[in-house]
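Going by this note's numbering, the first residue of the sequence shown is number 169, and it counts up by one from there.
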Amino acid sequence: MLASLFAGRPTQAPAEALDIKFHAIWKGAQAQASALARYQQVCELPANGTLPLLYVHAMAMPLHMAILSHVRFPVRLLGLVHWSNSIESLRPIAAGELLEMECSLDDITATDRGQSFALHTTVRADGEVVWREVSTFLSPLARSKTGKKPASAENAEPAWGEPIAQWAVAANAGRRFAGPSGDWNPIHVSAFTARLFGYPRAIAHGMFSAARCLALLQQGQDPHTPVKLDLRFKRPLLLPGQVALLTAPEGNGTRFVLRVLPSGEPHIEGTLSPLSPL
């Protein structure tokens, strides 16, 4: 693991390694009751007998790390940026359900920002696909000196209303989330370790921030409704910090942004919508 962080791996994979493929599978996966309860407490989610939408991602973390820390993975972990997530929850997953989790990585793609790749995760129960996710990562090039790209119509800002909620994020939020999520990334757990990676203080974990948003956005929703969640991770949130959640309608769903206060910079953006039937 430490070797994959530091030793001898480049930030950009050589051309001959771009078509590399990985596959990992975990049969008989099951949520641990204590970790699930702690996750629900930390993220302020209800305990309703089913797995929270993003807790399934946390359960799949061992598969993700098995691939990213593999001796043949051509890019070092240090410096990877979690760019986006797209998740489909096809039905509720009972807290004690036995699951089969499968994760794959096919190809590394060169872009103008660096090299990107996607981890594809599929979760089955009794052979039925119940949850799936695409997590996109970027191994960035050195910062461009050409300035910001012009905004496109696709990224046009909606007419945001007033914040539906504001809250404080504690200095120890990263440590509290690390235990139940299994993600002990040093940039999140303490100011000391974050400074080793160039941050002045610890930064909030994007998946923690997203879970806190979902705790509010899914209030009153039928937990049996299949949903699609798209997330884009924007600016880091230094801890401790203050955030505001804003929403706007988008189709039959909700577009949302979590902004850092007082700057107003976006921390995460996303869309939550009912999943269209096949």
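Ideal placement from N, C-alpha and C gives every residue a C-beta, glycine not left out.
Helix, strand or coil at residue i according to DSSP, with G and I counted as helix
i	result
Ala346	helix
His471	The chain is shown from 169 up to 446; residue 471 falls before or after that span and cannot be answered.
Phe135	An answer regarding residue 135 cannot be provided, because it is not within the stretch 169 to 446 covered by the chain.
Arg292	strand
Phe365	coil
Arg240	coil
Arg259	coil
Ile436	strand
Pro308	strand
Ala338	coil
Pro354	helix
Leu267	strand
Ala215	coil
Ala333	strand
Ala197	strand
Residue i to residue j span [Cα, whole Å]
i	j	result
Ala378	Trp194	25 angstroms
Val428	Trp335	10 angstroms
Phe305	Ala286	6 angstroms
Cys271	Gln209	28 angstroms
Ser284	Phe401	14 angstroms
Pro394	Ala327	27 angstroms
Pro242	Gly421	39 angstroms
Ala201	His238	29 angstroms
Gln386	His288	25 angstroms
Trp299	Ser358	32 angstroms
Gly388	Leu382	11 angstroms
Leu204	Leu267	15 angstroms
Glu265	His373	27 angstroms
Ala226	Thr218	14 angstroms
Lys313	Asp280	Per-residue confidence for Lys313 stands at a pLDDT of 38, beneath the threshold of 50, marking its modelled position as unreliable; the derived number appears in the next sentence. The alpha-carbon atoms of Lys313 and Asp280 are separated by roughly 13 angstroms.
Leu258	Phe376	22 angstroms
Glu256	Leu221	9 angstroms
Asn216	Leu248	35 angstroms
Ile371	Pro430	16 angstroms
Leu236	Leu245	7 angstroms
Gly416	Arg240	For clarity, residue 416 is Ala in the given sequence; the question names Gly instead. Whole-angstrom Cα-Cα distance: 44 angstroms.
Phe424	Leu231	29 angstroms
Ser349	Asp275	27 angstroms
Ala199	Ala293	13 angstroms
Phe365	Ile355	7 angstroms
Phe190	Leu273	5 angstroms
Pro434	Arg206	27 angstroms
Leu399	Ala192	24 angstroms
Ser254	Trp352	22 angstroms
Ala278	Met233	22 angstroms
Cβ-Cβ separation, residue j to residue i (assumed contact under 8 angstroms), whole Å
i	j	result
Val224	Val291	6 angstroms
Gly282	Gln180	7 angstroms
Gly329	Leu414	7 angstroms
Leu407	Arg369	6 angstroms
His250	Ser303	7 angstroms
Gly409	Val337	5 angstroms
Closer than 7 angstroms to chain C by CB, residue i
i	result
Leu414	Of the chains in the structure shown, none is chain C; there is only one protein chain.
DSSP beta-bridge partners of residue i
i	result
Ala226	Note: Ala226 sits in no beta bridge, so no partner.
Ala233	Reading the sequence as shown, one finds Met at residue 233 and not Ala. Looking at the DSSP assignment, Met233 forms no beta bridge with any residue, so it has no partner.
His191	Ser272
Pro442	Val395
Arg300	Glu256, Thr290
Ala205	Bridge partners of Ala205: none, in fact.
Ala327	Looking at the DSSP assignment, Ala327 forms no beta bridge with any residue, so it has no partner.
Ala278	Gln283
Any non-hydrogen atom of the ligand ADP within 6 angstroms of residue i CB
i	result
Gly409	What this structure holds is no ligand at all, so the ligand ADP is not there to describe.
Checklist entry - For the segment 368-434, which segments carrying the beta strand (DSSP E) assignment without a break, of at least 3 residues, lie completely within its bounds, in sequence order? => result 395-401, 409-418, 421-429
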